[in-house]
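Input: a single structure, listed below in structure tokens.
In the working numbering, the protein residues as written are 850 to 969.
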């Protein structure tokens, strides 16, 4: 069982992912913004971060992802976005990102990611 940190400024999406991850046998915590996420990474033990790439308190997506990866220190990061672009995809590939999902995403993708991360 692993502990997953979910970051999305839309509470309904964060809560939905948390319920799904809990049903799949893992623990989940949610945050709504970049500042709370970085603080939680200091205070908690997480095995995976699923984060929206666009947050109101992080207008520069590249800086947000770079900062998140630095703070995560080797924790796999999955990015989600409602407005994917080639620039965001390149940003994800240049950092610690395991996967980049476009909203709406299939549940199978989340299940596969959890299986990949927690298989060991």
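Built from N, CA and C at the ideal position, the CB exists for glycine as well.
Everything numeric in this text was worked out from a predicted model, so none of it was measured.
Pull the bridge partners of residue i from the DSSP assignment, please.
{"i": "residue 915", "result": "According to DSSP, residue 915 bridges with nothing at all."}
{"i": "residue 854", "result": "878 and 898"}
{"i": "residue 966", "result": "According to DSSP, which records beta bridges pairwise, residue 966 is partnered with nothing at all."}
{"i": "residue 928", "result": "900 and 949"}
So, at 8 Å on beta carbons, what are the nonlocal neighbours of residue i in its own chain, with the 5 sequence-adjacent residues on each side left out?
{"i": "residue 850", "result": "874, 875, 876 and 967"}
{"i": "residue 863", "result": "855, 856, 857, 879, 880 and 881"}
Grab me the residues of residue i's own chain with a C-beta within less than 6 Å of its C-beta, minus the 5 sequence neighbours each way, in chain order.
{"i": "residue 907", "result": "883 and 913"}
{"i": "residue 892", "result": "none"}
{"i": "residue 867", "result": "855, 877 and 879"}
Cutting at 7 Å between CB atoms, please list the residues of its own chain near residue i, excluding the five before and the five after it.
{"i": "residue 945", "result": "918, 921 and 926"}
(request) Count the C-beta pairs between the region 909-925 and the region 954-961 that are closer than 8 Å, then say yes if the count reaches three, no if not. (result) no
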